[in-house]
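Numbering (our numbering), first residue to last: 1047 to 1188.
Next up, the structure:
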């Protein structure tokens, strides 16, 4: 039961950097963010020749906006460039194990945040970050 649960449920700790260019007129500025989050991951083995797992994950974290390059005018009179915000990541992907411990992973992630400072225009709605990632996966054991 423990091995089955261990393969079915997993946890993730993610540190990542996202960079965007907001170009809606007249508010053109470059922005980025550092995101730290923890996610609960649900895995499902796929019946393929190589050991393959599909997964979905969701969690909670902190997003730190990095609005260091305003290219035109400030986006709004109440613009607060670097206020940390709540981040809610949702992920889906596929992982193929090339060896017993290492694999290749393709994932799509959307992070909803509680800030309006990631894109222009500043419309009073929460902004998000979408990322498509291809990476090498290896376990870190403790």
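Cβ coordinates follow ideal geometry from the N, Cα and C atoms, glycine included.
These numbers come from a predicted model, not from an experiment.
Considering residue i, what are the terminal residues of the beta strand (DSSP E) in which it resides?
{"i": "residue 1174", "result": "1174 to 1183"}
{"i": "residue 1148", "result": "Neither: residue 1148 is in no beta strand (DSSP E) and is coded neither H nor E."}
If you draw a straight line from the C-alpha of residue i to the C-alpha of residue j, how long is it?
{"i": "residue 1085", "j": "residue 1140", "result": "16 Å"}
{"i": "residue 1162", "j": "residue 1067", "result": "14 Å"}
{"i": "residue 1157", "j": "residue 1174", "result": "5 Å"}
{"i": "residue 1076", "j": "residue 1132", "result": "21 Å"}
{"i": "residue 1134", "j": "residue 1094", "result": "32 Å"}
{"i": "residue 1130", "j": "residue 1108", "result": "7 Å"}
{"i": "residue 1152", "j": "residue 1170", "result": "33 Å"}
{"i": "residue 1185", "j": "residue 1145", "result": "12 Å"}
Give every residue of the same chain whose Cβ lies closer than 6 Å to the Cβ of residue i, excluding the five residues on either side of it in the sequence, and list them in chain order.
{"i": "residue 1154", "result": "1138 and 1178"}
{"i": "residue 1080", "result": "1063 and 1110"}
{"i": "residue 1087", "result": "1056, 1058, 1101 and 1103"}
Can you tell me which of the options puts its alpha carbon nearest to the alpha carbon of residue i?
{"i": "residue 1061", "options": "1078, 1076, 1055 and 1082", "result": "1082"}
{"i": "residue 1053", "options": "1101, 1171, 1096 and 1077", "result": "1101"}
{"i": "residue 1180", "options": "1164, 1097, 1149 and 1187", "result": "1149"}
{"i": "residue 1143", "options": "1090, 1099, 1065 and 1089", "result": "1099"}
Enumerate in chain order the residues of its own chain whose CB-to-CB distance from residue i is below 8 Å, with the five nearest sequence positions on each side excluded.
{"i": "residue 1172", "result": "1158, 1159, 1160, 1161 and 1162"}
Name the one or two DSSP bridge partners that residue i has.
{"i": "residue 1139", "result": "1101 and 1153"}
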